[in-house]
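The structure under discussion appears below in the form of structure tokens.
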Amino acid sequence: MELQPIFIQMLALLLFAIGLATALARRNVFFVLMGIELALNAVNLSFVGFAKTLPAAESVAGQIVPLFSIAVAAAEACVGLALVILIFRNRESVDSDNYSNMKG
Amino acid sequence: MLLHLLVLAPFVAAVLMAATSKEDPKSSSRLAFLFGYAFVALSIALIASGNQATEAIEWFHIPGAKGSVYYYLYSHGLGAWMVLLSTSLSLVALMTARNTLDTNYRNFAIGIFALMGAMNGTFLAADAVLFFFFFEAMVIPAAILIAAYGGKERTKAAMTFAIYTLVGSAPMMVALWYLVTVADNSLVLSLAVALQNLDPAMQSTLLACFLLAFMVKTPIFPFHGWQAITYAEAPAPLSAILTGAMSKAGVFGFIAWILPIFPLSMEWVDAMMWLGLLTAVYGAMLAFRAMDGKKLLAYSSMGHLGLAVAGVFSLSESMLPAVLVLLVAHGLSAGAQFYLMGIAERFAGTRDIEQLGGLAKRNPVFGSLFGFVAVLSLAVPGTAGFVGEFTVLMSLWDMGPLPALVAGLCLILSAAYMLRFVQKVIFGTPARQYEDGKRMTALEGSSIGVMGVLLLVFGMHPAFITNALQLFDENAVQEMNKVSHPETAPVESSTVEAPADVVDDATADENVAAVAQPMTEEDLRQLDSNLKANGFSDEERASLIAQLKAMSESEVAEAPEQNEATANEEASENE
Amino acid sequence: MTNLPLWIIPLFPLLGTILLGTVAVVSSGSKKGPSEGFVGALSVLFPALSFVSVVLLAFGMPEEGIRQTLCNWIDIPMLKVNIGFLFDGLSRVMLLFVTGIGSLIALYSIGYMHGDRGFTRFFAYINLFLFSMIVLVLSDSLLLTFLGWEGVGLCSYLLIGFWNHDLNNCKAANKAFIVNRVGDIGFLLGMLCLATLGGSAILNYDALNKFIEMLIAGGHVELATPIIAIAGLLFFVGCTGKSAQIPLLTWLPDAMAGPTPVSALIHAATMVTSGVYLLARLSRMFSVIPEVLMIVLIVGMLTAFWAAVAGLFQNDIKKVLAYSTISQLGYMFMAAGASAYDASIFHVFTHAFFKAALFLGAGAVIHALAGEQDMRRMGGLIKKTPVTACVMIFAFLAIIGFPGFAGFWSKDLILERLYTNAPFGEFFYGVGLLTAVITAVYMGRLIIMTFFGEYRGPKEKEAHIHEAPACMLFPMVILAVGAVFAGYLWADSLGIKFFEGTLAPVVGVAQDFVVGKLAVAHVNPMAFACFGTAAALLGMFIAYAIYGTKRLPRLHAKWGSAPEGFKADWTFFFDYIHSIFIVMFKAAAFVADVFVDKVLQAIQWTIGAIAEIVGDGVSSFQARKVRVQLTLSLVGLVALTAVVLLTGGLF
């Protein structure tokens, strides 16, 4: 049986939900970051899945965009980790609930 | 090109300054001086080359507006002179700051250049939104510089300054947004036309919003709360720029934006004139009581600018040259005084005038310069200040004897506080023992001295300033029209008669060559209207005028060569 | 001879100012300072050069004067003024004695200021003063006159406060400048007032005279009179400030804080007479407003009398002379008020000589006594300083109007004109004569206390008393000669009327216009001369009777060493009136500073505080945890998307 696009989308949705839940529920910043990565990749997957439904000539676009977003995600992960390290140096903690400077 | 350079290049200069070393003030100051000289040269070239405009470039589109916002610069005499003030004061500020701040001179220079670019943009913008953009942009570098280099209460001063002025111009932003939604675009003429079609209540509201912004910036009496603390806490070179150039943006706004676009009723004009006079008296009184030298100068600036605003709203035909001369004179003299006060503070370690004293003896060159500049700010005849204040007084006398009398009172009061200031700072004996700080260097002294000499030159020959001063001449009107209605080019200029002031300003400044005659036609006309006002009957007036004419004609016939000679001279000068 | 341009006269002192000013600033850092001989030579050279050019011009001057326009000054729509000069009979007289006496006093100052730290600076100021004074009298328009007018005020300020380490001097200088400024504003408003009548062109003297002529010719005088009268009053306020008349007379006695040559030049001979000059210059205008002339007359009379009485009670030798100057200026104003401008200028002329001689003599005395100014510590100096004493006695005879001396001719002329020209002439004549008696009394007192009797100062100083150096004596002697003979330029009873002739083209019309209307009472001029002489002799007798016969007591210890008073005795009344205004201003400033400004500040900070409080309140909604914030923002996003999807967009 051929792989139906809908399954790919369901998988992507599942991954996205897991990622989001991780980002929201975990207190450890690293897990939050991982969650965000996961959600991002879910979106990439979704792109590819939709690209598959198009004729070959047009589906190229849907495959290129994920490439871009992977590259951006890598950069984002770098910046994010650097931020986390800096914050960790300041606060001595990876618990995101301790980062409450924003409160007035 | 000049215009673009003057507005954009300071920002480039600021970026380039960042490339120099923070640790080595010598090299960074060299580069900064170089840029400073270049900008002064550019602004002199701008004045020399007369009115000009750039191409209107579409910039962005405000949601809800009919037309788009243009990046469109236009220079008239007023703006060009203000630009010269901003560039030259910045240059002297860079020079005096060199010895005051050793650390991090580079960052100071960056801030000054950014401020200069914003000020130039304010004075040269032809588009209201662009003007507003620069008007607000001025605040940011200034506030940062105060917060970084100021005195003891610098944070408070910077916050007060930034918040007060930004909040003051917030209503103007709303009013401007409303205006561009009803006008074709945000150029002066379109705004003026749009305002004509609004109902009076709306006009008044918009006017109040605009006035508020400019009154805060100048500052005019009830809105001067930010001024004293800001000028006192800012580093002295910056205070000089703030009062000498930035506060002029307020008066500039009154002249270049309010008068052309708003149809003013007599009540508004009267109210503003009296507010200006009130500010002048109030500033003088506070200056008389001030103990802090910089605050004293701040209040004195406030008084002078109050007089300038009163002069603007006298709306007489000589208002524009009069106020311009007053502004230039005040910019130079108040700027020089702030620099000198900064040097005194550096030397004696305090700016409390009770603690100073005897500087004439301890540092004679400084004392002479201080006294010289103080005299220049007293509006003694022969200085530019006199020409400005006398002509402003003359304009006020047109409104009635009482305003002129109040303005005359201000002149007396200004003498009182300025002499007190001079006496406390440089005369007598020092009130306490202190280690001498850094003395005035030759560079500082000579640059401030040049400002003083300029004041004398402008005082003896104000035509340098007042020649070829036209706010909006025919060309500009046509060009703006072209931008607004590109398809129907110059034919429409007749439809844009809206604001009476624009027309007035354009015609106010006609032939220069008629000076040598003892009584010109204009004089006669003036005389006629005066006589009429004084109750002469028609025949009496006619006979008087006829006699006068006969007399002046006989006189002209006697000295025709002389007239020609002066006319030729002036022609060559104008070239 | 006459092809000298007029601008060369003010040019010389201006060059001197610039040169000496540069030297002063450049040398101020060095310990020793520039060579006094060099600076002194320069500082006499420039005034002398301009004196020479004035003399050259004066001889070749045509009857109607020389008019030259140098260049355009201010040119804006409502105000077109040229820098132009007018050299006529009036400015010729003024210039001759301004530059002449100026050069002499510069010479004198070389000796007087010897060894002072500010030697160069002093001469720079003197040159600047001469420049301003020349511009004042030489200009052809009111605005340029005003340049000189404020310029001399400024120089007066600089020179009074010359020894600026003493704050009292500074205060006196400030007072002089501010009181003068009050008068100057009168001048300024007067100009504006005239400008409303005929545009800025009318500020030119010729144009103004023509304008008045035309009003008279057309018979419109009555219509324009109110405005002209206001202008005239305002100009008169200016004159009272500059010439120390009631009510603005308080600054002149204080101005004696300056160096003595300054008092001689500025506060006796030249600057203070510029008010009289202006009245004469505007005589045509004043001739149509007799009411204002009456005010001038009354003010002059009150001042002359008041200051003479005040002079009786001074102990400081310079203060006596200051009050005497005010009193003599009062005479001049009386003359101007009676439309006898030529007599008043004549008195300016003779007064310049004898008063300058008196001041220089006083300076020599002070110099001899090493700074002592209190007459109670002087006495018997005629033996020690004979030349100075002779100079002062000649000048004394001139000022009291002793027959044959300069003051006799001019004062007599004024009194005569008062009697014949003025309304209620007899009354003014009487007061004038009484004042002349008082003048003789206080001047006699000065001479007796200083030069006769015994020396009353401290013993150890007595040995140091010496005659002044030659460069100080020479100018004094010349001025004394002037004090004796200057009067013969217009000796009415001898039939010499040279002076009247030179002034006639300028003020003659105005005088005839006013005087022509009066029925002139014919009195034998010899009668006036007799009365004048009698007044002088009576005054001298009284002075001798009071101060000459009985020996003055030696100085009490409790009198203190300082000369009495920085405070101006006997102007206390006007000082009091001035202080009311000052207190009112200070109270207003206090209210503005302490109440109004504080209230405004309070409002400003209250608004700020409200914003802060509201901000605090709102920030409590801020969720504490990052996760919760993120969740909330996601919920918000979802909600927004749902709304957009369900309603089909907000717009």
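Residue numbers (this note's numbering), protein chains in the order written: chain A, 1 to 104; chain B, 1001 to 1575; chain C, 2001 to 2651. We put the CB at the ideal spot given by N, CA and C, even for glycine. Predicted model, so just to flag it, every value in this text is computed and none were measured.
Extent of the continuous beta strand (DSSP E) run through residue i
i: D2075/C; result: 2066-2076
i: V1980/C; result: It is not possible to answer for residue 1980/C, since the shown part of chain C is limited to 2001 through 2651.
i: K1066/B; result: K1066/B -> no beta strand (DSSP E), and no H or E assigned at all.
i: L2079/C; result: 2079-2087
i: I2448/C; result: It is not in any beta strand (DSSP E) - I2448/C instead sits in the alpha helix (DSSP H) that spans 2425-2451.
i: F1060/B; result: 1057-1060
Close Cβ partners of residue i (< 6 angstroms) along its chain, the five nearest in sequence each way excluded
i: I2066/C; result: F2087
i: G2033/C; result: S2027
i: L2130/C; result: P2013, P2047, G2102
i: T2647/C; result: none
i: L2138/C; result: F2085, S2091
i: I123/A; result: What the structure shows of chain A is the stretch from 1 to 104, and residue 123/A is not part of that stretch, so it cannot be assessed.
Cutoff 7 angstroms: residue i Cβ touching any chain B Cβ
i: E2291/C; result: no
i: D2316/C; result: no
i: F2408/C; result: no
i: G2016/C; result: no
i: L2142/C; result: no
Residues near residue i by beta carbon distance below 7 angstroms, same chain, minus five either side
i: D1184/B; result: K1066, G1067, S1190, S1484
i: G1111/B; result: P1141, I1144, L1145
i: S1027/B; result: T1020, S1021
Closer than 7 angstroms to chain C by CB, residue i
i: S93/A; result: no
i: I1448/B; result: no
i: V1380/B; result: yes
i: P1403/B; result: no
i: L40/A; result: no
i: F1108/B; result: no
i: F1113/B; result: no
i: L24/A; result: yes
Contacts that residue i makes with chain D (C-beta to C-beta distance below 8 angstroms)
i: S46/A; result: The structure shown contains no chain D; its protein chains are A, B and C.
Residue interval of the alpha helix (DSSP H) (run including residue i)
i: E1354/B; result: No alpha helix (DSSP H) contains E1354/B, which DSSP labels as neither H nor E.
i: M1440/B; result: Neither: M1440/B is in no alpha helix (DSSP H) and is coded neither H nor E.
i: N2524/C; result: Counting along the chain, N2524/C falls outside any alpha helix (DSSP H), and DSSP gives it neither H nor E.
i: N1576/B; result: Summary: the structure shown does not reach residue 1576/B, with chain B confined to residues 1001 through 1575, and so no result is reported for it.
Euclidean distance between Cα positions of residue i and residue j
i: N1099/B; j: M1302/B; result: 28 angstroms
i: I1258/B; j: G2060/C; result: 59 angstroms
i: V1375/B; j: P1462/B; result: 18 angstroms
i: I2083/C; j: S2050/C; result: 19 angstroms
i: K1438/B; j: V1216/B; result: 36 angstroms
i: S1049/B; j: V2237/C; result: 46 angstroms
i: L1046/B; j: L1094/B; result: 22 angstroms
i: M1418/B; j: L1378/B; result: 7 angstroms
Same chain, Cβ closer than 8 angstroms to residue i, five either side skipped, listed in chain order
i: M2449/C; result: M2375, R2376, M2378, G2379, Y2547, L2552
i: D2593/C; result: none
i: S1029/B; result: L1094, R1098, Y1105, A1109
CB contact check: residue i to chain A, cutoff 7 angstroms
i: V2626/C; result: yes
i: T2631/C; result: yes
Would the segment 2149-2160 of chain C count as touching the segment 2290-2302 of chain C if we require 3 or more Cβ pairs under 8 angstroms? no
Contact between the segment 1131-1150 of chain B and the segment 1164-1180 of chain B is defined here as three or more beta-carbon pairs at a separation below 8 angstroms; is this criterion met? yes
Should the segment 2019-2026 of chain C be called in touch with the segment 2117-2133 of chain C, which here means at least 3 C-beta pairs below 8 angstroms? yes
Assess, as a yes-or-no matter, whether the segment 2342-2359 of chain C is touched by the segment 2411-2418 of chain C under the definition of 3 or more beta carbon pairs within less than 8 angstroms. yes
Could you tell me whether the segment 2406-2413 of chain C touches the segment 2527-2537 of chain C, using the rule of 3 or more Cβ pairs below 8 angstroms? yes
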